[in-house]
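Below is one structure; the comments refer to it alone.
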Amino acid sequence: MTYKFFPILVFFLYTFSSNKIETPLKSPSTLISKSENFSAEIISVYNNLNRNNYFLPKLESFQKAMFGFYEMKKKGFFKKDILTLIDFSLSSNEKRLWVIDLSTNTVLFHSLVAHGRNTGDEFAKRFSNSAESFKSSLGFYSTGEIYHGKHGKSLKLDGLEKGINDNARNRGIVMHAADYVSDFFIKENKRLGRSQGCQALPAEFTEKIINTIKGKSCLYIYFPTSNS
1 MTYKFFPILV
11 FFLYTFSSNK
21 IETPLKSPST
31 LISKSENFSA
41 EIISVYNNLN
51 RNNYFLPKLE
61 SFQKAMFGFY
71 EMKKKGFFKK
81 DILTLIDFSL
91 SSNEKRLWVI
101 DLSTNTVLFH
111 SLVAHGRNTG
121 DEFAKRFSNS
131 AESFKSSLGF
141 YSTGEIYHGK
151 HGKSLKLDGL
161 EKGINDNARN
171 RGIVMHAADY
181 VSDFFIKENK
191 RLGRSQGCQA
201 LPAEFTEKII
211 NTIKGKSCLY
221 IYFPTSNS
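The numbering of the sequence shown is the numbering used here, which starts it at 1 and goes up by one.
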């Protein structure tokens with residue numbers, strides 16, 4: 001399958017979409033429908049991505065993101081065919097955030113992204129949905145509205161998985177710029193800086209990424225556990 005087939009696949013899957021559902025899902029396992037045919041379609045999409053000279057995410061993380069994206073798009077959680085994928089199994093010194101336009105199968109951005117200070121040092125290891133934990137949360141989010149705060153232009157996020165990340169808005173978990181997310185900081189400190197649980201980005205890319213993904217697109221944070 002070439003990327004030209006993908007809009008047809010999207011149309012077929014979304015034609016019978018149900019009404020919008022605001023209640024967070026009880027378990028991420030309800031998102032994953034691992035039919036062999038559908039898996040093959042996703043692999044084909046992956047193999048035909050226009051990578052724009054960026055490295056691609058790992059296939060496993062992409063597959064899980066796509067399974068969940070389709071299931072939740074049908075339920076009305078997302079309004080855009082934009083997928084933001086963060087892979088917290090990778091070193092924070094690597095670019096581990098991808099923004100992908102699924103209507104054109106194009107990787108738009110590939111960026112550094114911080115995890116919470118209590119989630120780990122160079123590598124993310126511990127996650128939480130609790131306030132004041134200063135840890136990152138995994139799973140599926142819907143992007144919210146833009147606001148201007150102490151970090152400048154920022155993006156609110158709504159966690160969609162009950163007990164996993166549904167406390168994100170109450171915790172103030174947002175996407176924002178940070179000067180500790182840079183190659184210079186890595187060079188000086190041997191690792192990327194860390195946030196209080198937010199998805200912090202390099203200042204030079206934050207506004208472009210936020211403007212692209214705002215307004216109910218899909219953000220998925222992957223880690224190879226049963227709760228990913």
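Where is the CB? At the ideal position from N, CA and C, for every residue including glycine. Computed from a predicted model, the values in this text were never measured in an experiment.
Measure the alpha-carbon distance for residue i versus residue j and round it to whole angstroms.
i    : j    : result
R126 : S182 : 23 Å
V174 : G152 : 12 Å
I209 : E161 : 23 Å
L201 : F38  : 33 Å
S18  : F184 : Confidence at S18 is low in this model, with a pLDDT of 37, below 50, so its placement is unreliable and no value can be given for it.
M66  : N93  : 25 Å
K73  : Y54  : 26 Å
Y180 : E36  : 42 Å
K214 : E188 : 32 Å
L31  : Y70  : Because the pLDDT of L31 is 45, which lies under 50, any placement of that residue in the model is unreliable, and the question is left without a value.
L49  : H176 : 27 Å
S195 : N170 : 16 Å
G163 : K190 : 33 Å
K75  : F62  : 20 Å
F238 : S89  : Any question about residue 238 goes unanswered here, given that the chain covers just 1 to 228.
G193 : V45  : 33 Å
G120 : S128 : 12 Å
Which of the three DSSP states is assigned to residue i in this structure?
i    : result
T225 : coil
K263 : Residue 263 falls outside the range modelled here, since the chain spans only 1 to 228, and no answer is possible.
F78  : coil
I164 : coil
G120 : coil
F55  : coil
With DSSP as the reference, identify every bridge partner of residue i, one or two as the case may be.
i    : result
T84  : V99 and L219
F109 : V99
M175 : L155 and Q199
P139 : Position check: residue 139 holds Gly in this sequence, whereas Pro was assumed. G139 is bridged to I221.
N50  : T106
I146 : L155
F127 : S136
Does the beta-carbon of residue i have 16 or more other beta-carbons within 10 angstroms, so that it is buried, or is it exposed?
i    : result
T206 : buried
S91  : exposed
L102 : buried
L59  : exposed
K150 : exposed
Does residue i come within less than 7 Å of chain B when only Cβ atoms are used?
i   : result
K64 : Among the chains in the structure shown there is no chain B, since it carries only a single protein chain.
Would you check whether the ligand MG has a heavy atom nearer than 6 Å to the C-beta of residue i?
i    : result
A203 : As for the ligand MG, it is missing from this structure, which has no ligand bound.
Assess, as a yes-or-no matter, whether the stretch 131-146 is touched by the stretch 92-107 under the definition of 3 or more beta carbon pairs within less than 8 Å. no
Quick check: the stretch 107-126 against the stretch 192-201, are there 3 or more CB pairs under 8 Å? yes
Would the stretch 212-224 and the stretch 80-87 be scored as touching if the rule is three or more Cβ pairs under 8 Å? yes
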